[in-house]
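Start counting the sequence shown at 50; every next residue gets the next number (our numbering).
Data first, discussion second: the structure below is written as structure tokens.
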Amino acid sequence: MRVIIQDNYSKLCQWAAHYIAAKINAHKDGRPFVLGLPTGSSPIGVYQELIKMNKAGEVSFANVVTFNMDEYLGLPRDHDQSYWFFMHDNFFDDLVDMKAENINILNGMTDDPEKECADYEAKIAYYGGIDLFMGGIGVDGHLAFNEPYTSLASRTGVRDLTTDTRIVNSRFFDNDPEKVPAQALSVGIGTVMDSKEVLILINGHNKARALAATVEGGVSQKWTCSALQMHKDAIVVCDEAACGELTVDTYKYFLDIEKKERL
Ligand code: GLP
Numbered sequence: 050m051r052v053i054i055q056d057n058y059s060k061l062c063q064w065a066a067h068y069i070a071a072k073i074n075a076h077k078d079g080r081p082f083v084l085g086l087p088t089g090s091s092p093i094g095v096y097q098e099l100i101k102m103n104k105a106g107e108v109s110f111a112n113v114v115t116f117n118m119d120e121y122l123g124l125p126r127d128h129d130q131s132y133w134f135f136m137h138d139n140f141f142d143d144l145v146d147m148k149a150e151n152i153n154i155l156n157g158m159t160d161d162p163e164k165e166c167a168d169y170e171a172k173i174a175y176y177g178g179i180d181l182f183m184g185g186i187g188v189d190g191h192l193a194f195n196e197p198y199t200s201l202a203s204r205t206g207v208r209d210l211t212t213d214t215r216i217v218n219s220r221f222f223d224n225d226p227e228k229v230p231a232q233a234l235s236v237g238i239g240t241v242m243d244s245k246e247v248l249i250l251i252n253g254h255n256k257a258r259a260l261a262a263t264v265e266g267g268v269s270q271k272w273t274c275s276a277l278q279m280h281k282d283a284i285v286v287c288d289e290a291a292c293g294e295l296t297v298d299t300y301k302y303f304l305d306i307e308k309k310e311r312l
């Protein structure tokens, strides 16, 4: 696993956006570039940077197919907290050449969640798998909505959200955890692990324990993000604020070995 440490959130976002754009631009094998995408506050700065680059003609999304990580169960698309709404509001609507038919987001209003999830996996396979999955993680280390103790081999399916996650996410639901849906549809840890590359954004003091668990802890279903240690091409890009729980050794090691990446 590579760990790229940047001074602050803004540099983290610049680095991640340029990394993703370079991958899209270098992709020349004829089939579309398949990009996995997250929601949450962590990716917002990356989306803004990619939009800027797209408008400046530095990266095109015309040949990009996207798959989002997750969606709340029971929220319609036009609910302002659905991930469908979030993605269009914060990203897709501002791109000049993203094709609506290339956007894939799990349908939280499906009346057959099992079929919805199986179809999603089949569609990812149809496109030849995900080239690059960008993700964030929760304070408890959840990746997509794979809460602690979700199988590290899990595939796309229905997830029960923990009380902790509903409390954390209640900031978007009038600070009322009861208003946060109790379930979501989510890609599995196995789905993310099958991607050719994974890029995880971790910023802020509140993610310090999760960053340490991702990088230094043992691989454990308690911290589902730790599965990434078994991925052959995983990158974590983080800011200084998130490094507070890393050992000094680990921190210095990555600063040194990745010094060319520091913005
Ligand atoms: C939600 C999403 C995750 C996301 C996490 C962190 O629970 N399902 O995919 O990574 O929030 O969000 P934030 O970036 O706002 O901290």
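The beta carbon of each residue, even a glycine, is placed where N, CA and C say it ideally should be.
Remember, predicted model here, so these are calculated numbers, not experimental data.
Test item: CB-CB of residue i and residue j under 8 Å
| i | j | result |
| --- | --- | --- |
| Val264 | Met102 | no |
| Thr115 | Leu86 | yes |
| Glu98 | Asp180 | no |
| Ser235 | Met118 | yes |
| His254 | Gly206 | no |
| Ile154 | Val113 | no |
| Ile284 | Leu248 | yes |
| Ser59 | Gly106 | no |
| Thr199 | Gln270 | yes |
| Ala202 | Asn252 | no |
Where residue i falls: helix, strand or coil (DSSP)
| i | result |
| --- | --- |
| Gly190 | coil |
| Gly177 | coil |
| Arg258 | helix |
| Lys163 | Just to set this straight, residue 163 is Glu in the shown sequence, not Lys. Looking at Glu163 - three-state DSSP - the assignment turns out to be helix. |
| Ala71 | helix |
| Gly239 | helix |
| Leu304 | helix |
| Gln130 | coil |
| Val145 | coil |
| Arg80 | coil |
| Arg208 | strand |
| Leu122 | coil |
beta-carbon residue i near the ligand GLP non-hydrogen atom, thresh 7 Å
| i | result |
| --- | --- |
| Asp119 | yes |
| Pro87 | yes |
| Ser109 | no |
| Phe82 | no |
| Ala193 | yes |
| Ile69 | no |
| Gly184 | yes |
| Ser91 | yes |
| Thr214 | yes |
| Gly187 | yes |
| Asn139 | no |
| Asp218 | Per the sequence presented here, residue 218 reads as Asn, with Asp not at that position. Yes, since a heavy atom of the ligand GLP falls inside the 7 Å radius drawn around the Cβ of Asn218. |
Beta-bridge partners of residue i, as assigned by DSSP
| i | result |
| --- | --- |
| Leu312 | Its beta-bridge partners do not exist; DSSP assigns none. |
| Cys287 | Ile54, Ile251 |
| Phe116 | Gly85, Asn153 |
| Phe182 | Gly85, Val247 |
| Ser269 | Trp272 |
| Asn195 | Leu192 |
| Leu234 | Glu120, Val207 |
Beta carbon proximity, residue i to chain B, threshold 8 Å
| i | result |
| --- | --- |
| Asp56 | Reference to chain B is not applicable here, since this structure consists of a single protein chain. |
### Message
So, does the region 189-203 touch the region 237-245, judging by three or more C-beta pairs under 8 Å?
### Response
yes
### Query
Touching or not, the region 296-305 and the region 58-67, by the rule of three or more beta carbon pairs under 8 Å?
no
### Message
Under 8 Å, with one C-beta from each stretch per pair, do the region 126-138 and the region 147-161 reach the 3-pair mark?
### Response
yes
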